[in-house]
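Here's the structure we're looking at; comments come further down.
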Ligand code: DSN
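In our numbering, the protein residues as written are 696 to 1137.
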């Protein structure tokens, strides 16, 4: 592979090879990441990147669209079939533009929108103060309770008080099943559109490992590169319920994507999405999706057996949130990285610290499940995580701000020289060699 790159651009070639090695030799546990299939990567690297095709199949602003139309229509049809919806737009460049298009389609500037608060696991685009969505719309955040579950009473109270035009359900760091039916009752009571953002769980929904929002929400958005196992990209779907509420909804969504927010679709990305959706139609995808959840549950249990505290004492999906003490998430993230285990620092419910120095880490099983790992490997993984936590137990996040920098200098030195972390890294590498990535692409 990469014979042209190797000759023409050694710097980029070397970096790609180094990243391939990093992914192959380590345990990738960031829950929003996965290894796309070789066929998806081939479609992404195709000549489709050469084409411009503003518009939609049969209604384009450029010539030469016969092949692009075929590809986009296949992607639309597969998405509709897999999620049981009457309309799918496969052009969003990714999840954030897809979500912004939903606002543009159903809200006027200044309208009230309700979404899960970011430190409570919600996504930036569900109205967090740092997102542009909060500049153009009056966004109000709802929260999770002390126990980590959504506070449905608060959501109903806020909905009745503020009469939102749009309510989001879906998150980026939430480990329990989403109560789509209950959220729909709240949205219906106040006449709001309910948009389900299933970016994290789309693959689980397809495989039947998580309830589908199709009967309850008006609109569904997703990325295509998480549990769905496709390229980076996004899809917006309109449900039968959505068309009943507003027969123009599909048209409004399409217009919001093009021409309001985006230009030409990324046709190579559309083709790769179609390929991923094709893979998701196979029976093996159901087995994979269910194994993702089985692995996450097994990992959660094995961690708890070793005394590790996790949010809600378990998980319903692909994700786990470890509580590691005030502001200590970054210590655990960096120490695990040194041991070949990659995850991300994350806030936990009612986090006593800040999003930059949060008190938890977020980890998930999609990537390692695609490699073929099962419950036995989850137990070993829990062992390594617990060992790393033990190694760094003496490092506390300083309450005095002036001590942050020196504490991290000391911590990084400790991590760099720690033999236990080095030993775990070599064991991780050995395990990963038994579950190779991209055997057929070399
Ligand atoms: N921030 C991404 C995630 O990792 O969940 C979603 O946008």
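Glycine is no exception: its CB is placed at the ideal position from the N, C-alpha and C atoms.
Below 6 angstroms CB to CB, which residues in the same chain sit around residue 986 once its five sequence neighbours on both sides are set aside?
The residues are 1064.
By DSSP, does residue 783 sit in helix, in strand, or in coil?
Residue state, collapsed to three classes: strand.
At 4 residues or longer, and completely inside the segment 721 to 801: list those alpha helix (DSSP H) runs for me, N to C.
Runs of the alpha helix (DSSP H) lying entirely within the segment 721 to 801 and spanning at least 4 residues, in chain order: 733 to 739, 761 to 778 and 790 to 801.
Heavy atom of the ligand DSN within 6 angstroms of residue 867 beta-carbon
At least one heavy atom of the ligand DSN lies closer than 6 angstroms to the C-beta of residue 867.
My understanding is that residue 806 touches residue 832, with C-beta atoms under 8 angstroms, so please give their C-beta distance in whole angstroms.
Contact between residue 806 and residue 832 holds, with the beta-carbon distance rounding to 6 angstroms and staying under 8 angstroms.
Is any heavy atom in the ligand DSN found nearer than 6 angstroms to the beta carbon of residue 727?
Checking the Cβ of residue 727 against the ligand DSN gives yes.
Going straight from the alpha carbon of residue 741 to that of residue 1127, what length do you get?
Cα-Cα distance, rounded: 29 angstroms.
Look at the alpha carbon of residue 957 and the alpha carbon of residue 949, and state the distance between them as a whole number of angstroms.
Distance from the CA of residue 957 to the CA of residue 949, rounded to the nearest whole angstrom, comes to 10 angstroms.
Alpha carbon to alpha carbon, how far is residue 887 from residue 857? Give it in angstroms, no decimals.
Residue 857 and residue 887 have their alpha carbons spaced roughly 11 angstroms apart.
Starting from the Cα of residue 1006, find the closest Cα among 880, 1044, 1036 and 810 and give me that residue.
For the residues 880, 1044, 1036 and 810, the minimum Cα distance to residue 1006 belongs to 1044.
Alpha-carbon to alpha-carbon, residue 913 and residue 859:
Roughly 14 angstroms between the two C-alpha positions.
Rounding to the nearest angstrom, what Cα-Cα distance links residue 970 and residue 1101 in this structure?
Approximately 49 angstroms, taken between the alpha carbons.
Between which two residues does the alpha helix (DSSP H) harbouring residue 1039 extend?
Where residue 1039 is concerned, there is no enclosing alpha helix (DSSP H), although the beta strand (DSSP E) it sits in stretches over 1039 to 1041.
According to DSSP, which residues form a beta bridge with residue 968?
According to DSSP, residue pairing for residue 968 in a beta bridge does not occur.
What is the residue span of the beta strand (DSSP E) that residue 927 lies within?
Counting along the chain, residue 927 falls outside any beta strand (DSSP E), and DSSP gives it neither H nor E.
Could you tell me if residue 1010 is buried or exposed, where buried requires 16 or more neighbouring beta carbons within 10 angstroms of its beta carbon?
Taking all protein chains in view, the Cβ of residue 1010 is crowded by 16 or more other Cβ atoms within 10 Å, so the residue is classified as buried.
In angstroms with no decimal places, state the Cα-to-Cα distance between residue 1014 and residue 1048.
In this structure, the CA atom of residue 1014 is about 21 angstroms from the CA atom of residue 1048.
To which residues of the same chain is residue 1053 closer than 6 angstroms at the C-beta, ignoring the five residues directly before and after it?
Contacts found: 1024, 1040, 1041, 1042 and 1046.
According to DSSP, what are the bridge partners of residue 836?
Beta-bridge pairing links residue 836 to 810.
Neighbour-count burial assignment, residue 757, 16 or more Cβ in a 10 Å radius:
By the neighbour-count criterion, in which 16 or more other beta carbons inside 10 Å mark a residue as buried, residue 757 falls on the exposed side.
DSSP puts residue 918 in a beta bridge; with which residues?
For residue 918, which the question treats as bridged, DSSP gives the partners 929.
Measure from the alpha carbon of residue 993 to the alpha carbon of each residue in 1033, 776, 982 and 1070, then state which is nearest.
The shortest C-alpha separation from residue 993 is found at 1070.
Using C-beta distances below 6 angstroms, list every residue in its chain close to residue 823, excluding the 5 sequence neighbours before and after it, in chain order.
Within the same chain, residue 823 has close Cβ partners 813.
For residue 1056, I'd like the list of residues in its chain whose CB is within less than 7 angstroms of its CB, leaving aside the five on either flank, ordered along the chain.
So the qualifying residues of the chain are 1017, 1019, 1024, 1027, 1028, 1038, 1039, 1040 and 1041.
Starting from the C-beta of residue 743, find all residues in its chain whose C-beta is less than 6 angstroms away, skip the five residues before and the five after it, and write them out in chain order.
Cβ-Cβ distances below 6 angstroms link residue 743 to 962, 963 and 966 in the same chain, with the five nearest sequence neighbours on each side left out; the list follows chain order.
How many angstroms separate the CA atom of residue 697 from the CA atom of residue 995?
For residue 697 and residue 995, the distance between alpha carbons rounds to 39 angstroms.
Under 8 angstroms: do the segment 769 to 786 and the segment 926 to 935 share three or more Cβ pairs, one atom per stretch?
Yes, the segment 769 to 786 touches the segment 926 to 935.
Quick one: Cα of residue 1031 to Cα of residue 1120, how far?
Approximately 9 angstroms, taken between the alpha carbons.
By a C-beta neighbour count over all protein chains shown, 10 Å radius and 16 as the cutoff for buried, is residue 723 buried or exposed?
Flag for residue 723 reads buried.
What does a CB cutoff of less than 7 angstroms around residue 988 pick up in its chain, not counting 5 residues either side in sequence?
Closer than 7 angstroms at the Cβ level, and outside the excluded window around residue 988, lie 899, 904, 1012 and 1013.
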